[in-house]
Amino acid sequence: MYSKREKELFHQAYQEVDKHKYTVSQDPFRLHYHIMPPVGLLNDPNGFIHFKGVYHLFYQWNPFATEHGSKFWGHFSSTDLVNWVEEPIALAPSEWYEKNGCYSGSAVEHEGKLILFYTGNVKNKEGNRETYQCIAISEDGLHFQKKGPVIHLPKGYTAHFRDPKVWKKKDTWYAVIGAQSERGEGRAVLYSSKDLFTWNLLGPIAGSNLNGLGNFGFMWECPDLFELNGHDVLIVSPQGLNPKGYFYHNLYQAGYFVGQMDYEKAAFKHGEFVELDRGFDFYAPQTTLDEKGRRILFGWMGVPEENESYHPTIHYHWIHCMTIPRKLELKNGKIYQQPVEELQVLRDKQVAYPNVHLNGNTIELEQVKGKAVEMMIDSITSHTASIEISFRGTARFIYDPIEKLATFERQSLKENKMEKRHCPLQSLHKIHIFLDASSLEIFLNDGEEVFSSRIFGNPSDETIMFSSNGDTGFHLKKWNLKKIF
Ligand code: FRU
1121 MYSKREKELF
1131 HQAYQEVDKH
1141 KYTVSQDPFR
1151 LHYHIMPPVG
1161 LLNDPNGFIH
1171 FKGVYHLFYQ
1181 WNPFATEHGS
1191 KFWGHFSSTD
1201 LVNWVEEPIA
1211 LAPSEWYEKN
1221 GCYSGSAVEH
1231 EGKLILFYTG
1241 NVKNKEGNRE
1251 TYQCIAISED
1261 GLHFQKKGPV
1271 IHLPKGYTAH
1281 FRDPKVWKKK
1291 DTWYAVIGAQ
1301 SERGEGRAVL
1311 YSSKDLFTWN
1321 LLGPIAGSNL
1331 NGLGNFGFMW
1341 ECPDLFELNG
1351 HDVLIVSPQG
1361 LNPKGYFYHN
1371 LYQAGYFVGQ
1381 MDYEKAAFKH
1391 GEFVELDRGF
1401 DFYAPQTTLD
1411 EKGRRILFGW
1421 MGVPEENESY
1431 HPTIHYHWIH
1441 CMTIPRKLEL
1451 KNGKIYQQPV
1461 EELQVLRDKQ
1471 VAYPNVHLNG
1481 NTIELEQVKG
1491 KAVEMMIDSI
1501 TSHTASIEIS
1511 FRGTARFIYD
1521 PIEKLATFER
1531 QSLKENKMEK
1541 RHCPLQSLHK
1551 IHIFLDASSL
1561 EIFLNDGEEV
1571 FSSRIFGNPS
1581 DETIMFSSNG
1591 DTGFHLKKWN
1601 LKKIF
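Numbers in my numbering are just positions in the sequence shown, counted from 1, shifted up by 1120.
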C-alpha cells in the first residue's frame, strides 16, 4: 500500500508527463531505440536486474525539470533488452529520510522478492546533507514497499556516501557504497550482511591514496563489484581527476579496476584505472548478471554538470538517455564491451558494400544514411592510410594507423567549434556503429574501445561520408533500425 504522500507525488509526476507529452513527442532529437525519460531529466541506471525472466531497469528521474533535483525511480521492463515497457513509478521521495531524492542504488532477488537498495538524500534545515541507505521490497517487481534506512553514515566519512550496489557471495550479502572520506578522498566502502537488514561495515576496499593509487578524486560515485572471467572488477565513477594525456577529459569519469577481492580480509588488490568509454557522454554505469550468465551493462549517456543546460532537448522538456545494453567480457586484463546480440532484431533492410575503396577522396554510399542506423565495417585493408567517417556534418570518427590513434570529434554543444576525444589503439580491424536521432556509439575491434556521445546537428541532415588520406578498403554492411520508442 502506498502512502498518501507517495500517491500525491506519483500523481504530480504523471500530470507532468501528460502536460508535456505532445511537446516531447515533437522533438526531432527523440531517440528511436534508446531508453529516455517521458519528460524531465534521466540520469543513472538503477536496480538493473533479470527477475523471473524479465529485465528491469530503473533510472534516476526528475519529472519536474530538465535539471537535477529530488529524484524518483522511473521504471522500464523488457523480456528481450530491446522492447521496453514503461512501468509505474517505483520510488518517489515521500519520506523524511529521502525527502530530497531517492538516489541511486541496485536490486537483488531474495526468496522470490525483488528488493531495492537506494540512497535517501536529505538536505536538513541547516542546509547540510544527510544520507541513508534504504530498502524497498516488491512481490511482483512493480509495486514497492519502503522499509526505511538500514545503513547509517559511519564515522570517518562525509555525507557524500551513496549508491549501494548489493550482491550475494556464498551465503553472505555484500554492499559496496560510493563515498568521500573526511579528508576529501573518494572511496568504495564494503559492507556485509546475513539478512539484508543488519549490515556490518568491513571498510574501504579502494580509493584515492589507497592500494598505491595516489590522488584519485574527491568522491567516488556508483561503485559496482563483480566477478568477470575469473577476476574481480570494480567499476566506479570518480570525480576530481585531472586530465592526463589523452585521458580524463570529461568533467567526471567512469571506469574500472581489475583485481582480486579477498572477502575474508575485505581487501581488494587491483591494477590501474581504465576508462570504460572514450566518448563525451558516459557515466554511472551499472551491471547485472542475467539468467543466461551474461554480465550486462547500461550506462547513462550523459555526464553530470557537463553543459547540460546546452542540450537542445530541454526546449522540449526532456534531457538524457541510456546507452544500448552491452555484454562485458575480460580479455587479457581488459574489459571488452559488445552490444547485446538481441539488438539484431532491430535490423531492417540490409545494404551491403563488399568492397569499398578509397584513394584520398571523400565518398557517400547510396542508401548509407538515416536517422537510426547500424553499420558494421570490417576487413579494413590499410596499414598506413587513415579512415574517416563523418556523420550529419556534425561529428567525425578518425583512425590514424601511423599515430595509432582513434579520435572522435563533434560540434560542441556550447561553442561554435569542434571538440575532440582520443584513445590510443594499436590497430583497427572492425568498426561497429549504432547511430540514433541524437546519439552515436562506436565499438572498435569487437568492443576493445567504445566512444559514446550525444550529437545534435541539423535534424534533417542524414548524411554519412567516408574518406581517407590514402589508399584503403573495407567491407560495409548497414541496416536501418526500427523505432521502439
Ligand atoms: C551520479 C549521482 C549519484 C547519485 C545520483 C543522484 O550521477 O550523482 O551519485 O546517487 O546521481 O541523481
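The beta-carbon is built from N, C-alpha and C at its ideal position, and this holds for glycine as well.
Would you say the beta carbon of residue i is closer than 7 Å to some non-hydrogen atom of the ligand FRU?
i: Gly1298; result: yes
i: Pro1424; result: yes
i: Ser1224; result: yes
i: His1195; result: no
i: Lys1191; result: yes
i: Ala1374; result: no
i: Gly1306; result: no
i: Cys1441; result: no
i: Tyr1252; result: no
i: Thr1278; result: no
i: Thr1239; result: yes
i: His1188; result: yes
i: Arg1516; result: no
i: Glu1218; result: no
i: Glu1341; result: yes
i: Asp1164; result: yes
i: Asp1315; result: no
i: Asp1283; result: yes
i: Gly1221; result: yes
i: Gln1487; result: no
i: Tyr1403; result: yes
i: Gln1180; result: yes
Report the CB separation of residue i from residue j in whole angstroms; it is logged as a contact under 8 Å.
i: Gly1391; j: Gly1379; result: 6 Å
i: Gln1531; j: Thr1504; result: With a Cβ gap of about 29 Å, Gln1531 and Thr1504 do not count as contacting.
i: Lys1285; j: Pro1343; result: 6 Å
i: Glu1341; j: Ala1295; result: Their Cβ separation, rounded to whole angstroms, is 15 Å, which puts Glu1341 and Ala1295 out of contact at 8 Å.
i: Phe1571; j: Ile1562; result: 4 Å
i: Ser1198; j: Tyr1175; result: 5 Å
i: Phe1393; j: Phe1418; result: 21 Å between Cβ atoms; not a contact.
i: Arg1150; j: Ala1557; result: 6 Å
i: Gly1337; j: Leu1361; result: 5 Å
i: Ala1326; j: Ala1308; result: 5 Å
i: Ile1169; j: Leu1262; result: With a Cβ gap of about 13 Å, Ile1169 and Leu1262 do not count as contacting.
i: Lys1257; j: Phe1237; result: With the sequence shown as reference, residue 1257 is identified as Ile, and Lys is not the correct amino acid for it. In fact, because the Cβ distance is near 11 Å, the residues do not count as touching under 8 Å.
So is residue i buried or exposed if we call it buried at 16+ other beta carbons inside 10 Å?
i: Phe1406; result: With the sequence shown as reference, residue 1406 is identified as Gln, and Phe is not the correct amino acid for it. So Gln1406 ends up on the buried side.
i: Glu1215; result: buried
i: Lys1266; result: buried
i: Ile1497; result: buried
i: Lys1141; result: exposed
i: Pro1544; result: exposed
i: Met1495; result: buried
i: Thr1482; result: exposed
i: Val1493; result: buried
i: Pro1474; result: exposed
i: Asn1370; result: buried
i: Tyr1456; result: buried
i: Met1121; result: exposed
i: Ile1155; result: buried
By alpha-carbon positions, which one of the options ends up nearest to residue i?
i: Trp1193; options: Glu1206, Phe1178 and Phe1184; result: Phe1178
i: Val1471; options: Glu1461, Leu1485, Pro1459 and Val1460; result: Leu1485
i: Arg1125; options: Lys1139, Glu1218 and Gln1180; result: Glu1218
i: Lys1275; options: Asp1291, Arg1282 and Ser1301; result: Ser1301
i: Ser1313; options: Gly1298, Glu1305, Gly1306 and Leu1322; result: Leu1322
i: Phe1554; options: Lys1602, Trp1438 and Met1538; result: Lys1602
i: Leu1310; options: Gly1221, Thr1433, Gly1167 and Phe1388; result: Phe1388
i: Gly1232; options: Asn1331, Asp1260, Lys1598 and Pro1157; result: Asp1260
i: Glu1128; options: Ile1209, Ile1604, Leu1201 and Leu1234; result: Ile1209
i: Gln1239; options: Arg1467, Leu1463 and Gly1221; result: Checking the displayed sequence, the identity of residue 1239 turns out to be Thr instead of Gln. Nearest option by C-alpha distance: Gly1221.
i: Lys1550; options: Phe1594, His1440 and Leu1560; result: Phe1594
i: Glu1395; options: Phe1130, Pro1363, Tyr1383 and His1435; result: Pro1363
i: Pro1148; options: Ile1297, Arg1467, Tyr1436 and Ser1499; result: Tyr1436
i: His1280; options: Val1476, His1230 and Tyr1223; result: Tyr1223
i: His1477; options: Leu1330, Leu1316 and Ser1506; result: Ser1506
i: Thr1501; options: Phe1196, Pro1432, Pro1157 and Asn1479; result: Asn1479
i: Leu1463; options: Asn1349, Ile1604 and Pro1324; result: Ile1604
i: Gln1373; options: Pro1358, Ala1386, Glu1384 and Asp1382; result: Pro1358
For the ligand SAM, is there any heavy atom lying closer than 7 Å to the beta carbon of residue i?
i: Phe1402; result: With respect to small molecules bound, the structure shown includes the ligand FRU and not the ligand SAM.
Quiz item: Does the region 1181–1195 come within contact of the region 1448–1460, defined as at least 3 CB pairs closer than 8 Å?
Solution: no
Quiz item: How about the region 1579–1589 and the region 1480–1493: do they share at least three Cβ pairs that are nearer than 8 Å?
Solution: yes
Quiz item: Within the chosen definition, does the region 1419–1435 reach the region 1154–1165 through at least 3 CB pairs nearer than 8 Å?
Solution: yes
Self-check item: Three or more C-beta pairs below 8 Å linking the region 1528–1542 and the region 1410–1420
Solution: no
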